[in-house]
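Residue numbers (the UniProt record's numbering): 1 to 233.
Glycine included, each C-beta is placed from N, C-alpha and C at the ideal position.
Bear in mind the structure is a predicted one, so any value in this text is a computation, not a measurement.
So, in structure tokens, the structure goes:
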């Protein structure tokens, strides 16, 4: 595919980096998404509406605002960034790890929403039956709720991955646009559109971006259907 489209080595680096960043960012946020989705679907507590709003805030805020907040929180002198750097040597600002963090944050609301809807669709009578048989709340979740909501988990995972793959605003605000380090596929396209004579190369990368996003969505639909059929069967 790369040879067919005539991609340059720098373009391939950007594509690979985007796939790595989107994959790690999405997988790292999955456990948090499952916990929060379950809390929103089944929990009754003060501040539930506020939590729901905070989770979906990245969807409605300008991405550069999300990136700026990440810079304040996880920069080298940030509220969380400085302690993580001092104790663990973990740095986010101007690193690919920061790009993964930004990608995970931007895709997080889509993942939570899909998982929450899937959990809400689980028949609560099955959960009550498991509880009657002696299973605790965690046991009921692991044995009944989570397996039955797996199609939604999978759909949310792939949707978040597709969103993370196309993330640009928060990433460039938080970690800049460093070739080979933080220049993901969207940043590479933006760079080429600002470069004289770069429109043709940008067009090739746009085709790659469309192909990757479409493949992720199609794969999500196919896998979710197969998993749903297997569970119902």
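Can you look up residue i in the DSSP assignment and give me helix, strand or coil?
i	result
residue 123	coil
residue 141	helix
residue 204	helix
residue 8	coil
residue 238	Absent from the model: residue 238. The displayed extent of the chain is 1 to 233, so no value can be given.
residue 149	coil
residue 216	helix
For a cutoff of 8 Å on Cβ pairs, would you count residue i as touching chain C?
i	result
residue 26	Here chain C cannot be found, since the structure has a single protein chain.
Out of the options, which one is the CA nearest neighbour of residue i?
i	options	result
residue 12	197, 180 and 217	180
residue 157	114, 173 and 190	114
residue 235	121, 88 and 54	This structure leaves residue 235 out entirely; the chain is present only between 1 and 233.
residue 171	106, 155, 215 and 195	106
residue 41	161, 136 and 116	116
residue 148	73, 29, 47 and 225	225
residue 36	52, 26 and 25	52
residue 38	145, 93, 222 and 177	145
residue 201	15, 29 and 189	189
residue 208	193, 10 and 15	15
Review point. Touching or not, the region 180-191 and the region 75-88, by the rule of three or more beta carbon pairs under 8 Å?
Key: no
**Study point:** At least 3 beta-carbon pairs within less than 8 Å: the region 96-104 vs the region 19-26
**Key:** yes
**Study point:** Segments of 3+ residues assigned as beta strand (DSSP E) that fall wholly inside the region 158-202
**Key:** none
Review point. Mind pulling the alpha helix (DSSP H) runs of 4 or more residues that sit fully within the region 41-69?
Key: 48-60
**Study point:** Cβ contact (3+ pairs, closer than 8 Å) linking the region 123-133 and the region 60-73
**Key:** no
Point to revise | Cβ pair count under 8 Å reaching 3, the region 56-65 against the region 138-153 | key: no
Point to revise | Unbroken stretches of the alpha helix (DSSP H), 4 residues or longer, contained in the region 69-121 | key: 81-88 and 96-120
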